[in-house]
Every structure is written in C-alpha cells, then in structure tokens.
Amino acid sequence: MLPVTYSPAYTLVPTYECFNRCSYCNFRQEPGRDQWLTESVATQRLESLAGQGVREILILAGEVHPQSSRRKAWFELIYNLGKMALDMGFYPHTNAGPLSRSEMASLKEVNFSLGLMLEQVSPRLLTTVHRQAPSKEPQLRLEQLRLAGELGIPFTTGLLLGIGETDQEVADSLMAIANVQQEYGHIQEVILQPHSPGQKQTDNISAYSPQKLVQVITLAREILPQDITLQIPPNLVPNFSDLLACLAAGVRDLGGIVPIDEVNPDYHHQSVEQLSQLLKENGYLLQPRFPVYPTYFSWLNPNLQQRLPIFIN
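So for the sequence shown, our numbering puts the first residue at -5; every next one is plus one.
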C-alpha cells in the first residue's frame, strides 16, 4: 500500500486579532476585540491532551502589526507557548505571519518547523481580496521563505486557491517556491488549499472546484522539486472520490488533523479511524508523522533532536 501521512495535531491560537482584512477570511477578529490566550489556560488545554496521541501543537496566530507597541508581548506569548508545549512533550509548529529575522531565529529554538502560506505571488490581488492586507504583499512573503532558508529552518508553505488568481499566476507561484527550494532546500511541504466559503467572510467567493484542484496538484508535481511533499486538507475535499483523485495526482500528506480547523471552522475533519479505513480500502496506508520531516531531523538543534524517538532510541 502507498503511504499517506498526517500530523496528529492540536491548535493553540494566541490571538484571533489581525491587522489584515482579507475579504475571504473566516479566522480574524478586530484588534482590541479578542481576549488573548493566557498561558494558564494554554497549560490546561495541553494537559487535557494527555493520552490522546497528539504530537504537533500548531501555534496559529493572528498578526499584530510589526510597529505596534503590543508586538513584543504578542511575540513573547507565541514563544512561550512553543516552549511550554515543548516542555510538556509535544512538538510545536508555529504559523504567525511574517516575522523579523530575530523573531524567526528565536522561534527556531522552540519549534520543529515554521510555516507561512505564500498564497499567491500576483501583486494584482493586492487590489482585490488583499487590498486591506498589507502583510499579504507577495515579495514580503517570498522574502520570509528565503529568510527561513538562510536560518536553516524546516518550512511549510502553500497556495490558497480560488481567490481570483489566474492559471498563469498559479504556475508563477509554484515556480517561485521551486526557485527558493533550489537555493535553500528547506521547504518540506507545500499545501494546496482550496478556498472554502465560510460564515465570516465578507465577499461571495464560491468554493474551489475539486476538478480544478486535481489539475493544480498535477501541475505542482511537475513544477516543484520531488523532495517537496504535496499536502491537501481532507476536510476541504469532503467528497472521498475527489480526495482519491488528489492522491492519484500526487498528494502524499493530509496535514494536521485537529479537533477544530481554526482557519476553516465550518469544515470539520472526520475521525482518523474513518479516514484510515477508507484509505486502506483503496490501497493507501495512513501514517502519523511529526511536524518536521525525517530529512530535516539533522537540521534541528540538539535540544530538539533529542526529543525525537529516532534519537531517543
């Protein structure tokens, strides 16, 4: 059977507030209207996960503006949540928007990998869905990919599909990722995420076509280096026949399977047991993984390396 991986995960959201206002977003809250997660509440949530098989703690944060007086407190909370998860035996992965070099270097010490969606490289979208989203500037996000490469950080990126991009812009975005990978070799996976309408979005963008998704997967497998794993979120491909078509086109990872998809809260994951059985019946073996791929175990600092079973054993 062909192996397909997933990450048994749980999400901690330090804050939902975000200075970006992407018109398709189902995550953000207005700055000042959200109670930040406290470390004591986070501790309770992590303690409640004992014995559930969770490996990855995804720290997923809305963005506080880099020039804000609250940026320091925001970053310290994100760092402390990673350290807390690490100390409790979990494997943190953080996605908190564009970071400074010093912020990224600090998070490297308490995370097994970091992530940031490239989304699309087309500056044209800055006049449409990203017109009120300064940190979605494509060159800023590409620079983040390069910065992670310079710092030797295993990295996850991806495309958001169905937000007004053209076929050529999709190809350009994939080529941009491929070029960064050829220079640094640190991108472990690329997420191909179909836009899925939710109750909080402010525009009327419809759901991305599953057939179109398969075409993009095929294109991605042609353009991206083979050492990059392709990932799709299975809760956003609810028809199992469409999921099988995605796997046939080259997807080999299903991402973090979590109790609540904070970015797409209207779309719930089916149980790992159900998904595993369905895949098994169709020739695929669902296997858990860590938020860092084995290729990159040696990239980690010794403190992180020694927490991985391959090093423990």
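Glycine included, C-beta positions come from ideal geometry on N, C-alpha and C.
Inspect the beta-carbon positions of residue i and residue j and report whether they are closer than 8 Å.
i     : j    : result
H189  : I181 : no
I185  : Q138 : no
S318  : L145 : Here the chain comprises residues numbered -5 to 307, so residue 318 is not present and cannot be evaluated.
V(-2) : D260 : no
L31   : L6   : yes
E50   : H87  : yes
L213  : A165 : yes
L40   : F69  : no
Y0    : G249 : yes
E159  : Q193 : no
N20   : V257 : yes
Quick one: what's got a C-beta closer than 7 Å to residue i's C-beta in the same chain, skipping five residues either side?
i    : result
Y18  : V123, I157, H189, Q195, D197 and I199
S270 : L280
L80  : P86 and V104
G47  : P2
V210 : L155, V164 and L186
A242 : none
G143 : V174, E177, Y178 and H180
E97  : F69
L238 : N276
Using the Cβ count rule (16 or more neighbours within 10 Å means buried), how would you classify residue i?
i     : result
N105  : buried
A201  : exposed
M(-5) : exposed
A36   : buried
I147  : buried
E267  : exposed
G45   : exposed
Quick one: Cα of residue i to Cα of residue j, how far?
i    : j    : result
G244 : R215 : 6 Å
N233 : A172 : 30 Å
D221 : Y287 : 11 Å
F291 : P2   : 18 Å
Q162 : P282 : 35 Å
L54  : P8   : 7 Å
L120 : L136 : 15 Å
Q38  : L101 : 22 Å
M82  : A170 : 37 Å
N14  : P92  : 12 Å
N307 : Q299 : Note on N307: pLDDT 43, under 50, position unreliable in the model; no value is reported.
V231 : Q205 : 11 Å
I72  : T223 : 27 Å
S116 : P191 : 21 Å
E183 : S107 : 11 Å
P285 : P296 : 17 Å
L272 : P219 : 29 Å
S34  : A67  : 16 Å
D236 : S94  : 39 Å
I217 : S203 : 21 Å
S63  : M78  : 24 Å
G76  : L294 : 15 Å
C240 : R118 : 28 Å
P303 : A99  : 24 Å
Q61  : D255 : 29 Å
Near residue i, which residues of its chain fall below 8 Å by C-beta distance, leaving aside the five closest residues on each side in sequence?
i    : result
R140 : V174, E177 and Y178
Q264 : P228 and N229
V252 : A3, Y4, T5, L52 and H263
R65  : V58 and H59
C16  : R22, V123, H124, Q126, A127 and K130
L112 : P132, R135, L136, L139, T151, G152, L153, S167, A170 and I171
K274 : M(-5) and L280
T289 : Q182 and D221
Looking only at its chain, what residues have a beta carbon closer than 6 Å to the beta carbon of residue i, apart from the 5 residues adjacent to it on each side?
i    : result
E11  : Q23, P25, D28 and G56
G109 : N89 and T150
Check your understanding: Along the chain, which unbroken stretches of the alpha helix (DSSP H) at least 4 residues long are found entirely within the stretch 61 to 144?
Key -> The stretch 61 to 144 contains these whole alpha helix (DSSP H) runs: 65 to 81, 95 to 102 and 132 to 144.
Practice item. For the stretch 224 to 303, list the alpha helix (DSSP H) runs that are entirely contained and at least 4 residues long, ordered along the chain. Key: Correct list: 234 to 243, 266 to 274 and 296 to 299.
Point to revise | Whole runs of the alpha helix (DSSP H) within the stretch 154 to 237, excluding any shorter than 4 residues | key: 161 to 178 and 204 to 217
Check your understanding: Can you list, in chain order, the stretches of the beta strand (DSSP E) that have 3 or more residues and sit fully within the stretch 13 to 67?
Key -> 50 to 54
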